[in-house]
Amino acid sequence: MLKETKEKQDQAKNAIEIRNLSKHYDDFALQIDALDIPQGCIMGLVGSNGAGKSTMIKAILDLIRTDSGEITIGGESNQNQRVREEIGVVFDEIKFPPLFTAKDVRIVLKGVYRNWDDALYAHYTGLFKLPDGKKIKEFSRGMKMKLSLAAALAHHPKLLILDEATSGIDPVVRDEILDIFLEFIQDEEHTILASSHIISDIEKAADYVTFINNGRVVFCEEKDVLLEKYRLVKCGHEELSAVTPADIIGKRTNTFGAELLMPADKVPDGFVTAKAGIEDIMLMIIKNEGAAQ
Amino acid sequence: MKGLIYKDLLGLKQITVTIAILMGFYLFMGFMSGGESNQVGYFSIMVLVINAMIPLTCAGYDEQCGWDTFGAALPVSRAKTVAARYMTSLLILAGSLVLVLIADLIYTKVGGYQTNASAYLYPFATAALYVSLMNPIIYRFGVQKSRIVMIIIVLIPTFVGIALLALLTADSHSEWLDAALDSVLENVFTQPGAGVMIGTVLVCAVIYALSMLLSIHIYQKKDL
Numbered sequence: 002m003l004k005e006t007k008e009k010q011d012q013a014k015n016a017i018e019i020r021n022l023s024k025h026y027d028d029f030a031l032q033i034d035a036l037d038i039p040q041g042c043i044m045g046l047v048g049s050n051g052a053g054k055s056t057m058i059k060a061i062l063d064l065i066r067t068d069s070g071e072i073t074i075g076g077e078s079n080q081n082q083r084v085r086e087e088i089g090v091v092f093d094e095i096k097f098p099p100l101f102t103a104k105d106v107r108i109v110l111k112g113v114y115r116n117w118d119d120a121l122y123a124h125y126t127g128l129f130k131l132p133d134g135k136k137i138k139e140f141s142r143g144m145k146m147k148l149s150l151a152a153a154l155a156h157h158p159k160l161l162i163l164d165e166a167t168s169g170i171d172p173v174v175r176d177e178i179l180d181i182f183l184e185f186i187q188d189e190e191h192t193i194l195a196s197s198h199i200i201s202d203i204e205k206a207a208d209y210v211t212f213i214n215n216g217r218v219v220f221c222e223e224k225d226v227l228l229e230k231y232r233l234v235k236c237g238h239e240e241l242s243a244v245t246p247a248d249i250i251g252k253r254t255n256t257f258g259a260e261l262l263m264p265a266d267k268v269p270d271g272f273v274t275a276k277a278g279i280e281d282i283m284l285m286i287i288k289n290e291g292a293a294q
Numbered sequence: 002m003k004g005l006i007y008k009d010l011l012g013l014k015q016i017t018v019t020i021a022i023l024m025g026f027y028l029f030m031g032f033m034s035g036g037e038s039n040q041v042g043y044f045s046i047m048v049l050v051i052n053a054m055i056p057l058t059c060a061g062y063d064e065q066c067g068w069d070t071f072g073a074a075l076p077v078s079r080a081k082t083v084a085a086r087y088m089t090s091l092l093i094l095a096g097s098l099v100l101v102l103i104a105d106l107i108y109t110k111v112g113g114y115q116t117n118a119s120a121y122l123y124p125f126a127t128a129a130l131y132v133s134l135m136n137p138i139i140y141r142f143g144v145q146k147s148r149i150v151m152i153i154i155v156l157i158p159t160f161v162g163i164a165l166l167a168l169l170t171a172d173s174h175s176e177w178l179d180a181a182l183d184s185v186l187e188n189v190f191t192q193p194g195a196g197v198m199i200g201t202v203l204v205c206a207v208i209y210a211l212s213m214l215l216s217i218h219i220y221q222k223k224d225l
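Those sequence lines, one after another, are chains H and C.
When we follow my numbering, the leftmost residue of the first sequence carries the number 2, and every step to the right adds one.
When we follow my numbering, the leftmost residue of the second sequence carries the number 2, and every step to the right adds one.
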C-alpha cells in the first residue's frame, strides 16, 4: 500500500512518462526506452528533421497507433480522454479552417472543452491584438500562431505541447510568445514540451533538453547541467594525439587542426576550450553518429 | 461533440450563399418544368443531392487545414468525432427535408400542384444511403482518393447501366423492359403506403448506423 502511494507520488512529479515506446514505419523507427518530463518545467525537444520529434509528440497525444509501450500524462494513460482536458496543443501550422475567425474558434472549442474560459480567451486575443471578425486566411503567420496559442491556453491546460510552434515567425513575435510560455510556467503544476529547430529559443526558455536522433533519445538533461557538461576544444593536429579517442564525443577537422566536443572533466590541461552550446552539442553528436555509420 | 458539429456547420458558411442560390434556382425550375404533378420531386432530388455532398465538403475542409490532427488531440474520442460528422450529415439532411416540405407547401398552395410523399421519401433515402456509403470511404482513403473510389464504385456502374439500358430499349423486342420500367416509375411516383415509408426509413437508419460503426472502426485504427 505504502509502495503504491510512493509510486503514485513519484508519477505525479512527472508530467509525462514514456516507457518502452516503439513505432515502426517502413523507413523509420521511433524507439524510446524511458523518458520522463518533470512537472513544472519547460522541456525543449531538439533534433534534426526526421529525427522523430513530431512522431514522439504524436505518440504522446495518441495520434498514432504505437507498436508497443506506455505513455502516461500526469500519471494517467494518454489514451484517457480526460487527460486531454489538461493539454493545450500548438502545431507548426494553424489547424483551423482558413475561413474561420477568432470568434468561430471560440464557438467550436467552447463546445469541446469543459474548462473553456471565454474571458481568458478574450484576454489572450486582446493581448495578441487578434481581431475577432477577421478570417484566419488573412492573418500573418505570427498572428496565426498567436491564435493557436490563445486557443491552446484558454481552457486552463496544465500541459502545453508545442510542435515547432515558433518556426517561421519573426524574432519579435517569438519573443512575445516566449514571454507567454514563461508566464504560463510560473504555476509549478504547469509544464511545457516544445520541439523547435530554433535552438536559441530552447536555450533561452527551456529548463531541460531532450535530444532525439534517428528515432532515439540521445540525452535528456537539465539545460544548465548540459551546458556545463561539455566543452569545445580547439587544437592542432599534433595536439590531437594527446586526447584519448574515447573521450571525444564529436570532432570537426580542418586544415589548421580540429574542434572537439568533449566532457568538461576529460579535457587535458593546457587546451583552449569554449563553452559548447546546445547547437554545438547536437551537431557534433549527429556528425559523429553519421561518421560511425 | 457539440463543438465538432459547430465546426462542420461553421465551415459550411462559405458555401451557404452558393447553396441558397442553387436551391432558389431549382425551386424556380420546379415551377418552370411544366409538369402536372409532383413538382416538388424535382426540387427535393436536387436539394438532397447537393446536401448529400456535404460530408465530402466537410472532410475536404478538414483535410485542407489539417484539422484531423488537431481534432484528435482534443478531449473527444475518435468514436465521438465520427459520430459528430454523422450527426452533422443527419442535421443537414433533416434541414433539407424541412426545406423540401416548405417548397412542397409553396408548390401546392401557390402553384396548385398535387404532390405525394414519394417526392421526399426516395430522394431522402438515396441521400442517406449515399452519405452512408461515402463516409467510410472518406475515413479510409481520405478526400482525394475517395473521389476516385466513388467514380469507380458509383459512376462507372451507373454509366454502364445507362448504356446497357439504352442498348436494350433501342431493341424493338424490348417491350417487356419498357413495361417493367413503366411499372417501376409508376410505383415510385405514386403515394407510398405507410409500410413502405416506415420500412424505407428503418432500412436507411440501420444502414446509416452500420456505416457509422464501420467509419468508427476505420478511424480508430488510423494514424493521424
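Glycine residues also receive a C-beta, built at the ideal position from the N, C-alpha and C atoms.
Does the CB of residue i have a neighbour CB from chain C at under 9 Å?
i, result
"H:Ile-17", "no"
"H:Leu-139", "Sequence inspection shows Glu at residue 139 of chain H; the Leu mentioned does not correspond to that position. Answer no: the Cβ-Cβ gap between H:Glu-139 and chain C never drops below 9 Å."
"H:Pro-99", "yes"
"H:Phe-92", "yes"
"H:Leu-150", "no"
"H:Ile-193", "no"
"H:Lys-59", "yes"
"H:Ile-88", "yes"
"H:Ile-178", "no"
"H:Ile-95", "yes"
Can you list the residues of chain H that residue i reaches, using a CB-CB cut of under 9 Å?
i, result
"C:Val-77", "Gln-82, Arg-85 and Val-113"
"C:Gly-12", "Pro-98, Leu-100, Phe-101 and Asp-105"
If the cut is a Cβ gap below 7 Å, which residues of chain C does residue i touch?
i, result
"H:Arg-66", "Lys-222 and Asp-224"
"H:Ile-108", "Tyr-7 and Leu-11"
"H:Leu-163", "Going along chain C, no residue has its Cβ under 7 Å from H:Leu-163, so there is no contact; the nearest lies around 12 Å."
"H:Leu-22", "Those within 7 Å of H:Leu-22 in chain C number zero; the least Cβ separation is about 14 Å."
Residues of chain C with CB closer than 8 Å to the CB of residue i, please, in chain order.
i, result
"H:Lys-276", "By Cβ distance, chain C contributes nothing, its closest Cβ being about 37 Å from H:Lys-276, past 8 Å."
"H:Leu-62", "Ala-73 and Ala-74"
Is there a Cβ of chain H sitting closer than 9 Å to that of residue i, yes or no?
i, result
"C:Ile-6", "yes"
"C:Gly-143", "no"
"C:Lys-146", "no"
"C:Met-2", "yes"
Which chain C residues are close to residue i, counting only those with a beta carbon under 9 Å from its beta carbon?
i, result
"H:Val-219", "Those do not exist, as H:Val-219 stays about 25 Å from chain C at its closest Cβ, beyond 9 Å."
By the criterion of Cβ-Cβ separation under 8 Å, what are the contact partners of residue i in chain H?
i, result
"C:Gln-15", "Leu-100"
Which ranges does the alpha helix (DSSP H) cover as unbroken runs of at least 4 residues, wholly within the stretch 57-142 of chain C, from first to last along the chain?
-> Correct list: 68-73 and 79-107.
Within the chosen definition, does the stretch 43-51 of chain H reach the stretch 67-83 of chain H through at least 3 CB pairs nearer than 8 Å?
-> Contact between the stretch 43-51 of chain H and the stretch 67-83 of chain H is absent, because fewer than three Cβ pairs lie under 8 Å.
Residues of the stretch 63-74 of chain C with a CB closer than 7 Å to any CB of chain H: list them in chain order, please.
-> Within the stretch 63-74 of chain C, the residues whose Cβ lies closer than 7 Å to some Cβ of chain H are Cys-66, Gly-67, Trp-68, Thr-70, Phe-71, Ala-73 and Ala-74, listed in chain order.
Pair every Cβ in the stretch 155-169 of chain C with every Cβ in the stretch 69-85 of chain C, then say whether three or more of these pairs are closer than 8 Å.
-> With a cut-off of 8 Å, the stretch 69-85 of chain C and the stretch 155-169 of chain C do not count as touching, because too few Cβ pairs lie within range.
Determine, using beta-carbon pairs with one atom in the stretch 199-215 of chain C and one in the stretch 122-139 of chain C, whether at least three such pairs fall under 8 Å.
-> With a cut-off of 8 Å, the stretch 122-139 of chain C and the stretch 199-215 of chain C count as touching, because enough Cβ pairs lie within range.
With a cut-off of 8 Å, do at least 3 Cβ pairs link the stretch 55-71 of chain C to the stretch 97-107 of chain H?
-> By the C-beta criterion, the stretch 55-71 of chain C is judged to be in contact with the stretch 97-107 of chain H, since at least 3 inter-stretch pairs fall below 8 Å.
Which residues, in chain order, does the stretch 68-79 of chain H contribute to contact with chain C at a C-beta distance below 9 Å?
-> Of all residues in the stretch 68-79 of chain H, none places a beta-carbon less than 9 Å from a beta-carbon of chain C.
Going along the chain, which unbroken runs of the alpha helix (DSSP H) with 4 or more residues stay wholly within the stretch 189-250 of chain H?
-> For the stretch 189-250 of chain H, the full-length alpha helix (DSSP H) segments reaching 4 residues or more read 200-206 and 224-230 along the chain.
Between the stretch 29-47 of chain H and chain C, which residues of the former have a C-beta closer than 9 Å to a C-beta of the latter?
-> Answer in chain order: no residues at all.
Uninterrupted beta strand (DSSP E) stretches inside the stretch 11-90 of chain H (no shorter than 3 residues) = Listed in chain order, the complete beta strand (DSSP E) runs (minimum 3 residues) inside the stretch 11-90 of chain H are 15-25, 30-39, 43-47 and 69-74.
Does the stretch 200-220 of chain H touch the stretch 280-291 of chain H, meaning 3 or more C-beta pairs lie closer than 8 Å?
-> The stretch 280-291 of chain H makes contact with the stretch 200-220 of chain H, as at least three CB pairs between them are under 8 Å.
Three or more C-beta pairs below 8 Å linking the stretch 4-23 of chain C and the stretch 103-112 of chain H = Yes, the stretch 4-23 of chain C touches the stretch 103-112 of chain H.
Segment contact flag, the stretch 20-27 of chain C with the stretch 114-125 of chain H, C-beta cutoff 8 Å, min 3 pairs = Touching, no, given that fewer than three Cβ pairs across the two stretches are closer than 8 Å.
At least 3 beta-carbon pairs within less than 8 Å: the stretch 179-188 of chain H vs the stretch 56-76 of chain H = Taking a cut-off of 8 Å for Cβ pairs, the stretch 179-188 of chain H and the stretch 56-76 of chain H do not touch, as fewer than three such pairs fall below it.
Inspect the CB distances between the stretch 144-152 of chain H and the stretch 84-94 of chain H and report whether three or more fall short of 8 Å.
-> Yes: at least three Cβ pairs fall under 8 Å.
With a cut-off of 8 Å, do at least 3 Cβ pairs link the stretch 103-116 of chain C to the stretch 123-141 of chain H?
-> For the pair of segments examined, the stretch 103-116 of chain C was found not to touch the stretch 123-141 of chain H: the number of CB pairs separated by less than 8 Å stays below three.
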